[in-house]
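Novice: At position 396 of the sequence shown (counting the first as 1) the number is 396 in UniProt numbering, and the numbers step up by one without a gap.
Cβ coordinates follow ideal geometry from the N, Cα and C atoms, glycine included.
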Amino acid sequence: MPERRRMIRSLPRPLRAPRTPADPGFWRSPVRGVRFTALLGVVLLAGLTLLFVTGLLSYAAYNPDLNRVNDKTPGKGWLGFYLFSWPTGPHWLYRLTQGLHVTVGIVLVPVLLAKLWSVIPRLFALPPARSVGHALERISLLLLVGGVLFEFLTGLLNIQLDYVFPGSFYPLHLYGAWVFLAGFVTHVALKLPQAVRVLRNGIPRGEPDTLAAPDPLPATLSRRGALAMVGAGSFLLLVTSAGRSFDGPLRSIALLTPRGGTDPGPGPNAFQINKTAAAIGITPADTGERWRLTVRGPAGEFRFSRAELLAMEQHSAALPIACVEGWSTSDQLWRGVRLFDLAVLAGYPDRPPGVFVESLQRSGSFRKAALRDNQVRDSRSLLALEVNGAPLSPDHGYPARIIVPAAPGVLNTKWVETLTFGEL
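1) Report, in whole angstroms, the separation of the C-beta atoms of F356 and T294, which I expect to be a contact under 8 Å.
2) Would you mind reading off the limits of the beta strand (DSSP E) that contains G261?
3) Between the alpha carbons of V145 and P74, how many angstroms are there, rounded?
4) For a minimum of 4 consecutive residues, which ranges assigned as the alpha helix (DSSP H) are wholly contained in the segment 136-205?
5) Whole angstroms is fine: what's the gap from L424's alpha carbon to W92's?
6) Please name the residue or residues paired with V355 in a DSSP beta bridge.
7) Would the segment 326-346 and the segment 402-422 be scored as touching if the rule is three or more Cβ pairs under 8 Å?
8) Within 8 Å, do at least three Cβ pairs link the segment 55-72 to the segment 185-202?
9) Between which two residues does the beta strand (DSSP E) containing F235 stretch?
10) Name the two residues that bound the continuous alpha helix (DSSP H) containing R19.
11) If distances are taken between C-alpha atoms only, which option among P249, L100, N274 and R306 comes closest to Y398?
12) Grab the span of the alpha helix (DSSP H) containing H315 for me, first residue to last.
13) Among P30, P21 and T20, whose alpha-carbon lies nearest the alpha-carbon of G225?
14) Taking V34 as the reference, which of K115, A279 and L149 has the closest Cα?
15) Using only alpha-carbon positions, find the residue among L45, R138, T37 and V53 that is nearest to V119.
16) State yes or no: is the C-beta of A322 within less than 8 Å of the C-beta of T88?
17) Hey, G183 and S140 are a contact pair by Cβ (cut 8 Å); roughly how many whole angstroms apart?
18) So what does DSSP say about I403, is it helix, strand or coil?
19) Alpha carbon to alpha carbon, how far is Y82 from D373?
20) Measure the alpha-carbon distance for G297 versus A384 and round it to whole angstroms.
21) Could you check what DSSP says for E289 in three-state terms: helix, strand or coil?
22) For L108, which option in P128, H134, A125 and L149 has the closest C-alpha, if you only look at C-alpha atoms?
23) Return the first residue and the last residue of the beta strand (DSSP E) that L333 is part of.
24) L310 by DSSP, collapsed to three states: which one?
25) Pop quiz: V230 and V387 are said to be a contact at Cβ under 8 Å. What is the actual Cβ separation, rounded to whole angstroms?
26) Enumerate in chain order the residues of its own chain whose CB-to-CB distance from Q160 is below 8 Å, with the five nearest sequence positions on each side excluded.
27) Out of R244, A285 and D395, state which residue places its alpha-carbon closest to the alpha-carbon of P268.
28) Just the Cα atoms here: how many angstroms apart are L96 and S58?
29) So, at 8 Å on beta carbons, what are the nonlocal neighbours of I203 in its own chain, with the 5 sequence-adjacent residues on each side left out?
30) Looking at the secondary structure, which residues open and close the beta strand (DSSP E) in which L40 lies?
31) Out of T276, S359 and L40, point me to the one whose CA is closest to V198's CA.
32) Is A317 near L382, with beta carbons less than 8 Å apart?
33) Give every residue of the same chain whose Cβ lies closer than 6 Å to the Cβ of L411, excluding the five residues on either side of it in the sequence, and list them in chain order.
34) Beta-carbon within less than 8 Å of E301's beta-carbon, same chain only, minus the 5 sequence neighbours each way: which residues are those?
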């Protein structure tokens, strides 16, 4: 065999047989190999499993089975079988789960690309199916590769707030996740035993390395060196993105995310936001002296000015803001009227139900949102009027906003206009 390879190399280029991607000799990198691929696969197995679980938790955190305004995937059907009432504790829960989801997703990009590169010869192998088992493997590979590329692409675009894909991010990402899972589970069932065996014992003597190039080029990088490059790429992405979930110096080096960089100015309201009041058309006239909060319930309808709300018993809660794009703030000290107290005033003195919240915002997703009864009853859930000892700024929801422990940022409605208790 070595003599034949040397003879082929010595032939003039025009006399060599033409090569296509289906020809194993087309792929000549000396880095590819079963053990190299198996190691990347085990890393992805852990990372992608974490992404899937935290993604499902993120969807549950919106309480989509509570009200249609919370549900951006109304056609999900049985895919929502696992949904449960999202808790309010610990108060940093959504900050943790969604921060992990986005950060791990970003960090896995070099690993994913390296894994796809390592197995690309198999995508072109002929014949397409040699047996029923092989056909099942190829179908799972198609679902796996297509699904994971779709999920990573839409997720990264969402992090960057670039909504260039057709349709809404929520259903696209949810349905894509289940397509990916079908291929992922099948592929793991077929390949995990082999990967574990190779990592433990190596390739058995006498068996070929089915991913190694039959006619490799001279090595310029070892497989350990290639793994080190992948690890360095992941570490670089970690350093330049994870800080968007922390205040202070770490945020200043999170250069690859929209909520990285410097904090938005000095003062008590100097922490991150997604939308400014001006960007969605909230004017001083909307939030000035004429503004009134409407509270509805069995006891009737009540209207309160900001001064009247400030005259009520005030409570404080230290809570973060955490967004689906993965960014978050540290705990901010909020002060205002408890939602529980407003529910009592509306006619629910014992066990208040959920509340339907409406904003002054007239367009865009989550200008209306529903909160569960456990969220209303939590003593830390506030109609906030102040933050960090100062009145809310217009961009943080002046004259009043919702703040609830462990809830996604979009459910902490800003510029609140109406609270309707019990009608969900």
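Specialist: Per the coordinate set shown:
1) Actually they are not in contact, since the Cβ atoms of F356 and T294 sit about 11 Å apart, beyond 8 Å.
2) Element bounds for G261: n/a, residue is neither H nor E.
3) If I take the Cα positions, the gap works out to 27 Å.
4) Taken in chain order, the complete alpha helix (DSSP H) segments of 4 residues or longer contained in the segment 136-205 are 169-201.
5) Approximately 26 Å, taken between the alpha carbons.
6) Paired residue(s): L371 and F421.
7) Yes: at least three Cβ pairs fall under 8 Å.
8) A contact between stretches requires three or more CB pairs, one per stretch, nearer than 8 Å, and the segment 185-202 fails this requirement with the segment 55-72.
9) Taken as a continuous stretch (DSSP letters only), F235 belongs to no beta strand (DSSP E), being part of the alpha helix (DSSP H) at R223 to V239.
10) R19 -> no alpha helix (DSSP H), and no H or E assigned at all.
11) Nearest option by C-alpha distance: R306.
12) First-last for H315: H315 to L319, but that is the beta strand (DSSP E), not the alpha helix (DSSP H).
13) Checking every option, the nearest Cα to that of G225 belongs to P30.
14) Sorting K115, A279 and L149 by C-alpha distance to the C-alpha of V34 places K115 at the top.
15) Closest by alpha carbon: T37.
16) No, the Cβ-Cβ distance between A322 and T88 is not below 8 Å.
17) Right, the Cβ-Cβ distance comes to about 5 Å (below 8 Å), so this counts as a contact.
18) I403 carries a strand assignment under DSSP once its states are collapsed to helix, strand and coil.
19) Approximately 19 Å between the Cα atoms of the pair.
20) So the two alpha carbons sit approximately 20 Å from each other.
21) Three-state DSSP puts E289 in coil, outside helix and strand.
22) Comparing Cα-Cα distances from L108 to each of P128, H134, A125 and L149, the minimum goes to L149.
23) Run containing L333: Q332 to R338, per the beta strand (DSSP E) assignment.
24) In this structure, L310 counts as helix in the three-state DSSP scheme.
25) Going by Cβ atoms, the distance from V230 to V387 rounds to 42 Å, so no, they are not a contact pair.
26) T257 and P258, listed in sequence order.
27) The shortest C-alpha separation from P268 is found at D395.
28) For L96 and S58, the gap between their C-alpha atoms comes out near 10 Å.
29) V34, R35 and D209.
30) Element bounds for L40: not the beta strand (DSSP E) but the alpha helix (DSSP H), V34 to A61.
31) Relative to the Cα of V198, the nearest Cα in the group T276, S359 and L40 belongs to L40.
32) It is a contact, given that the beta carbons lie within the stated cut-off.
33) For L411, where only same-chain residues beyond five positions count, the Cβ hits under 6 Å are A369.
34) For E301, the CB contacts under 8 Å within the same chain, skipping 5 residues up- and downstream, are T294 and V295 in chain order.
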